[in-house]
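Quick note: the sequence shown uses our numbering, first residue -6, plus one each step.
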Amino acid sequence: MLQDQNFLDVFKEMEDLQMLRWANSPLYDYDERQDAYTKLTAIREVMAHIVGMADDRKINAKRWKIL
């Protein structure tokens, strides 16, 4: 899944959209900026979790090969 370019592109597109929302919002619009930042953080946390799960599976697969 992490090697699927379409999957990676979707996450990149979601990140870019939230960064543009934040960058294009007025400085005084704290709610809009906070919402964009919160969503951007959530997107990054989800991706980090998926990467961590994939890494755990790789480690576990190698562990069984060693035994």
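Beta carbons: idealized from backbone N, C-alpha and C, even for Gly.
- A Cβ-Cβ distance of about 4 angstroms is found for the pair A29 and R14, placing them in contact under the 8 angstroms criterion.
- In the structure shown, Q11 falls within a helical segment according to DSSP collapsed to helix, strand and coil.
- Taking C-beta atoms under 8 angstroms as the contact rule, E8 and S18 fail to qualify, at a distance of about 16 angstroms.
- Ranked by Cα distance from D2, the options M40, R50, D49, G45 are led by M40.
- A straight-line Cα-Cα distance of about 16 angstroms links M46 and D(-3).
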